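Asks: Chains as they are written, first to last, in this note's numbering: chain A, 19 to 536; chain B, 187 to 724.
1. By DSSP, does residue 238 of chain B sit in helix, in strand, or in coil?
2. By the 10 Å Cβ neighbour count, where 16 or more other Cβ atoms means buried, how is residue 109 of chain A classified, buried or exposed?
3. Run through the DSSP bridge pairs and tell me what residue 22 of chain A is partnered with.
4. For residue 547 of chain B, which three-state DSSP category applies?
5. Going by DSSP in three states, residue 6 of chain A sits in which element: helix, strand or coil?
6. Tell me the rounded alpha-carbon separation between residue 203 of chain B and residue 439 of chain B.
7. At a Cβ cut of 7 Å, what residues of the region 152-183 of chain A count as close to chain B, listed as they run along the chain?
8. Could you please give me the residues that DSSP links to residue 676 of chain B through a beta bridge?
9. By DSSP, does residue 81 of chain A sit in helix, in strand, or in coil?
10. Between B:514, B:473 and B:718, which lies nearest to residue 189 of chain B when the distance is taken from Cα to Cα?
11. Work out the CA separation of residue 154 of chain A and residue 537 of chain A for me, nearest whole Å.
12. Helix, strand or coil for residue 258 of chain A? Go by DSSP, reduced to three states.
13. Applying a beta-carbon distance threshold of less than 9 Å, which residues of chain A neighbour residue 353 of chain B?
14. Taking the Cβ atom as the reference point for each residue, do residue 492 of chain A and residue 335 of chain A lie within a distance shorter than 9 Å?
15. Nearest by alpha-carbon distance to residue 286 of chain B: which of B:261, B:328, B:420 and B:216 is it?
16. State buried or exposed for residue 488 of chain A, treating a residue as buried only when at least 16 other CB atoms are found within 10 Å of its CB.
17. Can you tell me the Cβ-Cβ gap for residue 328 of chain A and residue 225 of chain A, rounded? I've got them flagged as a contact below 8 Å.
18. So, is the C-beta of residue 221 of chain A closer than 9 Å to a C-beta in chain B?
19. Against residue 222 of chain B, what residues of chain A qualify as contacts under a CB-to-CB distance less than 7 Å, listed in chain order?
20. Restricting to Cα atoms, I'd like to know which of A:201, A:195, A:473 and A:438 is closest to residue 313 of chain A.
21. Near residue 536 of chain A, which residues of its chain fall below 7 Å by C-beta distance, leaving aside the five closest residues on each side in sequence?
22. Given a cut-off of 9 Å on the beta-carbon distance, is the pair residue 534 of chain B and residue 283 of chain B in contact?
23. For residue 451 of chain A, which residues does DSSP report across the bridge?
24. Three or more C-beta pairs closer than 8 Å, one from the region 212-229 of chain B and one from the region 193-201 of chain B: is that the case here?
25. Taking the alpha carbon of residue 409 of chain A as the point to measure from, which residue in A:432, A:516 and A:348 has its own alpha carbon closest?
26. Report, in whole angstroms, the separation of the C-beta atoms of residue 319 of chain A and residue 284 of chain A, which I expect to be a contact under 8 Å.
27. Which residues in chain A sit within 8 Å of residue 361 of chain B, going by Cβ to Cβ distance?
28. Under three-state DSSP, which class holds residue 459 of chain A?
29. What does residue 304 of chain B reach in chain A if we use C-beta pairs closer than 7 Å?
30. Could you tell me if residue 716 of chain B is buried or exposed, where buried requires 16 or more neighbouring beta carbons within 10 angstroms of its beta carbon?
31. Measure from the C-beta of residue 373 of chain B to each C-beta in chain A and report whether the shortest distance is under 9 Å.
32. What are the residues that DSSP puts in a beta bridge with residue 636 of chain B?
33. DSSP on residue 368 of chain A, reduced to helix/strand/coil?
34. Specify, as a first and last residue, the run of the beta strand (DSSP E) that residue 296 of chain A falls within.
35. Give me whichever residues DSSP pairs with residue 458 of chain B in a beta bridge.
36. Relative to the alpha-carbon of residue 616 of chain B, which residue among B:515, B:585, B:536 and B:546 has its alpha-carbon at the smallest distance?
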């Protein structure tokens, strides 16, 4: 007799989604997390007295709508902000505005506007196709069973329905880089780099790196699943974590926060439970980990508990990132050149040309700091004043490219980089430096420490084709089951991957129930 | 009388191969060549009295053995001598030797890292599995996955079955391999910088990608899938230089009654009511034939010598978007004697192999960064050979000929055309690097031919100087090469075909595109096939 049917490691959004679905099906589920708040990367943190910020994920755009309904997140307090458009800031203040499939400003000509609409149509048709794959467990190609064959048939049909030319386009571009695809479609430099930024966000890749078309499609598919447009969560991302926790508990799941999992217990070739830092042991029929694969297999299970081939795959699983977060507490709303106050609540991005992005990337490869960065900025306090003291504001930005461990060390590196970033912001928001009352720079190694993501990679492992779809996280541990009996994955390290979609959790729960593992 | 059954444009190795098979089937064939000499990028030229340079392609391995046998190239004078191993010289004065003898190689690996030495056999096995997979498909026409034709479906089924037979995990590993970067791939086996760097070179040669760019593991495979005398993965020198291959092919071609016409610079392909009818030269001469085969790269074929009004819009667009980036240059050097390299006994037979100076992946990646920024690498990756050590006919007795392949060199320098000053700067960066490791090298130089992408394009007609006639990235491989829908050697114009390295299976002196194209042409003519098919030989 075990304490629970299933123990879920990690109360991140995927862990909670998985818990919700399993509990809903009448299973007894315990969710354990070392952090005192639920949500994992969907978290809000007070980084300075009175100033709170979504300290990891910042935009709500990809969360699968079926989960919002099926777990009644709205009923559990999830409130979303206004839909945002993307404003790409230009040095000459003639900014590029991307709103749905229409673009304006920055002297974009009608040819590029038309090309953009066609491009969005093409991407939408691909995204629609990929949702089939994203909402189901990734099919095996050789050892298929009927579920796999069904998925593959659905896919095949979808591919046929694309039409010959579209299908050829897909087969041609899916493995290449966004740089070439942009140059094939558009002539406007800022338009190209603004789209390219979406392809490299959260990665350590530049626009020229093959695979960036796939990472762009991954994001586009997410947005197709979300149907919400890009927006913010009222109360910060933590509120999403809270509503997911509430939903899971309503379904009957138990949450145990603030107690870190120290290990996964294996007896007689089968996982039988977990142990906590406190020394307490919890037994369960199965253990489901929403921690990233490296943490799950290397740190919690241990190489001595798996066969060599699997240990090798774990060791070679790539989980690097060039993503940092910049958090600024501002005494007042900053003024951006060429923007009205009302526009500041939208998604503001700053990026050099695509070639500039490549130059910005180079130093990271050699553990050096760059002098040129890309920014994805949110000022949540305009819509959600409660996040800061009255009249004051919070600026949160996703920044690329930042090394994991610079040779000069973060001791010296951080202040240097912080000044660099603020000086880069000054070109677009003169005087913003004076408004800063407190600041925080969260580098990849910090994200690793605070959210337990190996390498600080928020996808729980790079989303390159060789680590995606039916290969995620690695051969032998696909379809949410792993090479170890009784141990399952439900985090971003499982198909379809990261980006606040909630699908790994949902798919894992459905697969586990279908297998009758419980 | 300028009337032929078929005209092939370009007397490179693929054009000659294509012509040979058409002539062998009984067609009256002419191969037209712009230059006064044949061979295209497969030439030997005496550019300094007594010294013969293979001044474009410089080593042989990929040439399909089926074709060598079938066209009796050895009888026509072709002899390929394989060379053993190679070395990478290190900044610390040491070197890593790549010995062809297995046990000697193990000891050398172990000298740098016991762990790497033990990983090597696993690496070799995994990599050769991939070569075994691809080799049978080199002499095959890629099936069109969007087509419902019985033949395409049959080929697709067979293709997918050979992958299914691997089993789930090996299949996924294969997909992994085809999409991974050579850096990541090697990191899964080896820990030592110099060992990884030595092997990674094959992943970037001729390619506008860096060692950390996904897709470069395939480029590595592209350099491993050849063989010399059935010894898979081995490389060799054609006796007398690479021109010997073109000469043997031309003799075979002529033995079947084919005709080679040099100094024939094609201006345009003549199209009469939707059908190819012949070609017109720049000097006005016209040659007539119902079959016209272009051995020029896809850009030149569709954008230079075809009248746009004869082509569908989408093909023009695809040709414009075709990626054929110049990324390499070459130095051919006449030496007064044998250069000495720090740490290596000049009598060591590694000297006869491929020599390099990039001892870390990071240095190779930085070389790529320079290319991205639009300039030649300040610390380039060199693939250096001294062919005269293996084939004395390349230089006078006691003297030597050196071939230095240079990665990277951009097609344009910071957006503008190459100038002679740029060329000198490029040459200097190479000579300097070699001199850093060889004290007497500089004084031995008698003559140096430096070829930037500008020279390669001007002389050989490879757009942007790209040696593979198009990037070897997945969007331009197999059924995507040169573009989707046109991967079966037929152009949109009836009677007009493609046979260059811009078609499947791509660049390198392989002769497979020329042979595959001939097979398709003969099929359209309802003639018996004279072209050998691919077979699994290992």
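Glycine included, each C-beta is placed from N, C-alpha and C at the ideal position. Keep in mind the model is a prediction, meaning the values are calculated, not measured.
Replies: Looking at the coordinates:
1. For this step, residue 238 of chain B is matched to residue 52 along the second chain. DSSP places residue 238 of chain B in strand when its eight states are reduced to three.
2. As a first step, residue 109 of chain A must be located in the first chain, where it is residue number 91. Residue 109 of chain A comes out exposed.
3. By 1-based counting over the first chain, the position of residue 22 of chain A is 4. For residue 22 of chain A, which the question treats as bridged, DSSP gives the partners A:302.
4. Here the question's residue 547 of chain B lines up with position 361 in the second chain. Helix, per DSSP.
5. Because chain A here runs from 19 to 536, residue 6 of chain A falls outside it and cannot be looked at.
6. Counted from its first residue, the second chain places residue 203 of chain B at position 17. Counted from its first residue, the second chain places residue 439 of chain B at position 253. In a straight line, the C-alpha of residue 203 of chain B is about 7 Å away from that of residue 439 of chain B.
7. 158, 159, 160, 161 and 182
8. For the purposes of this step, residue 676 of chain B is identified with residue 490 of the second chain, where counting begins at 1. DSSP lists B:683 as partners of residue 676 of chain B.
9. Counted from its first residue, the first chain places residue 81 of chain A at position 63. Residue 81 of chain A falls in the coil class under three-state DSSP.
10. In the second chain, counting from the first residue as 1, residue 189 of chain B sits at position 3. It is B:473 whose Cα lies nearest to the Cα of residue 189 of chain B.
11. In the structure as shown, chain A begins at 19 and stops at 536. Residue 537 of chain A is therefore absent and cannot be evaluated.
12. One-based indexing of the first chain puts residue 258 of chain A at position 240. Three-state DSSP puts residue 258 of chain A in a helix.
13. Looking up residue 353 of chain B in the second chain gives position 167. Going along chain A in sequence order, the residues near residue 353 of chain B (Cβ under 9 Å) are 160 and 161.
14. Taking the first chain and counting its residues from 1, the one referred to as residue 492 of chain A is at position 474. Taking the first chain and counting its residues from 1, the one referred to as residue 335 of chain A is at position 317. A contact, by the Cβ cut-off of 9 Å.
15. Position 100 of the second chain, counting from 1, holds the residue named residue 286 of chain B. Among B:261, B:328, B:420 and B:216, the Cα nearest to that of residue 286 of chain B is on B:420.
16. Within the first chain, the letter at position 470 stands for residue 488 of chain A. Residue 488 of chain A comes out buried.
17. Position 310 of the first chain holds residue 328 of chain A. Position 207 of the first chain holds residue 225 of chain A. At roughly 35 Å, the Cβ-Cβ gap does not stay under 8 Å, so residue 328 of chain A and residue 225 of chain A are not in contact.
18. Locating residue 221 of chain A in the first chain gives position 203, where the first residue counts as 1. With 9 Å as the cut-off, residue 221 of chain A does not count as an interface residue toward chain B.
19. Indexing the second chain from 1 puts residue 222 of chain B at position 36. None at all; the shortest Cβ gap to chain A is about 37 Å.
20. On the first chain, position 295 is the one that residue 313 of chain A refers to. Closest by alpha carbon: A:473.
21. To locate residue 536 of chain A, count along the first chain from 1; it is residue 518. Answer for residue 536 of chain A: 23, 24, 45, 303, 304 and 530, listed in chain order.
22. Stepping through the second chain from its first residue, residue 534 of chain B is reached at position 348. Stepping through the second chain from its first residue, residue 283 of chain B is reached at position 97. Going by C-beta atoms, residue 534 of chain B is nearer than 9 Å to residue 283 of chain B.
23. The sequence position of residue 451 of chain A within the first chain is 433, counting from 1. Beta-bridge pairing links residue 451 of chain A to no other residue.
24. yes
25. Taking the first residue of the first chain as position 1, residue 409 of chain A is located at position 391. The candidate whose alpha carbon is nearest that of residue 409 of chain A is A:348.
26. For the purposes of this step, residue 319 of chain A is taken as the residue at position 301 of the first chain. For the purposes of this step, residue 284 of chain A is taken as the residue at position 266 of the first chain. Confirmed, Cβ separation roughly 7 Å.
27. Residue numbering aside, residue 361 of chain B sits at position 175 when the second chain is read from its first letter. Within chain A, the residues near residue 361 of chain B are 483, 484 and 489.
28. Walking along the first chain from the start, residue 459 of chain A turns up at place 441. Correct three-state label for residue 459 of chain A: strand.
29. Position 118 of the second chain, counted from the first residue, corresponds to residue 304 of chain B. Those within 7 Å of residue 304 of chain B in chain A number zero; the least Cβ separation is about 13 Å.
30. One-based indexing of the second chain puts residue 716 of chain B at position 530. When all chains shown are included, residue 716 of chain B counts as buried.
31. Here the question's residue 373 of chain B lines up with position 187 in the second chain. Closer than 9 Å to the CB of residue 373 of chain B there is at least one CB belonging to chain A.
32. On the second chain, position 450 is the one that residue 636 of chain B refers to. DSSP output for residue 636 of chain B lists B:517 as bridge partner(s).
33. Position 350 of the first chain, counting from 1, holds the residue named residue 368 of chain A. In this structure, residue 368 of chain A counts as strand in the three-state DSSP scheme.
34. Reading the first chain from its first residue, position 278 is the one you call residue 296 of chain A. Note, residue 296 of chain A: premise wrong, no beta strand (DSSP E); not H, not E.
35. Stepping through the second chain from its first residue, residue 458 of chain B is reached at position 272. Beta-bridge pairing links residue 458 of chain B to B:461.
36. Here residue 616 of chain B is taken as the residue at index 430 of the second chain, counted from 1. When C-alpha distances from residue 616 of chain B are compared across B:515, B:585, B:536 and B:546, the shortest belongs to B:515.
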